[in-house]
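Going by the working numbering, the first residue of the sequence shown is number 31, and it counts up by one from there.
Only one structure is covered here, and it is reproduced in the block below.
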Amino acid sequence: MQELPEYLRREVLDYIDFLSIKYKGKLRNEKKLEFDWEGGLLEIREKFTSVELQHKSLEWR
Numbered sequence: 031m032q033e034l035p036e037y038l039r040r041e042v043l044d045y046i047d048f049l050s051i052k053y054k055g056k057l058r059n060e061k062k063l064e065f066d067w068e069g070g071l072l073e074i075r076e077k078f079t080s081v082e083l084q085h086k087s088l089e090w091r
């Protein structure tokens, strides 16, 4: 940013202010990640390894 001319530096700061006002409160209130799916595949862990499951998921893409 220091390589920019002064008028562009002011424009960048103005844009930062705009974004701060636009998203004020929204960024802090984002939903936290939940891991309620954790353990969902316990019943098949004896049948497949994690590597086998990775390869299978690539086939599905």
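Note that the Cβ used here is the ideal one computed from N, Cα and C, for glycine as well.
Note that this is a predicted model, so its numbers are computed, not measured.
Exercise. Within its chain, find whatever has a CB closer than 8 Å to the CB of VAL42; leave out the 5 residues flanking it on each side and keep chain order.
Key: Position 12 of the sequence shown, counting from 1, holds the residue named residue 42. Result list for VAL42: MET31, LEU34, in chain order.
Quiz item: Using DSSP with H/G/I as helix, E/B as strand and the rest coil, what is LYS77?
Solution: Along the sequence shown, one-based indexing puts residue 77 at 47. Looking at LYS77 - three-state DSSP - the assignment turns out to be coil, as it is neither helix nor strand.
Quiz prompt | Residue span of the alpha helix (DSSP H) that contains LYS52, given as start and end | solution = Along the sequence shown, read from residue 1 onward, the residue named residue 52 stands at position 22. Here the alpha helix (DSSP H) through LYS52 covers 36-52.
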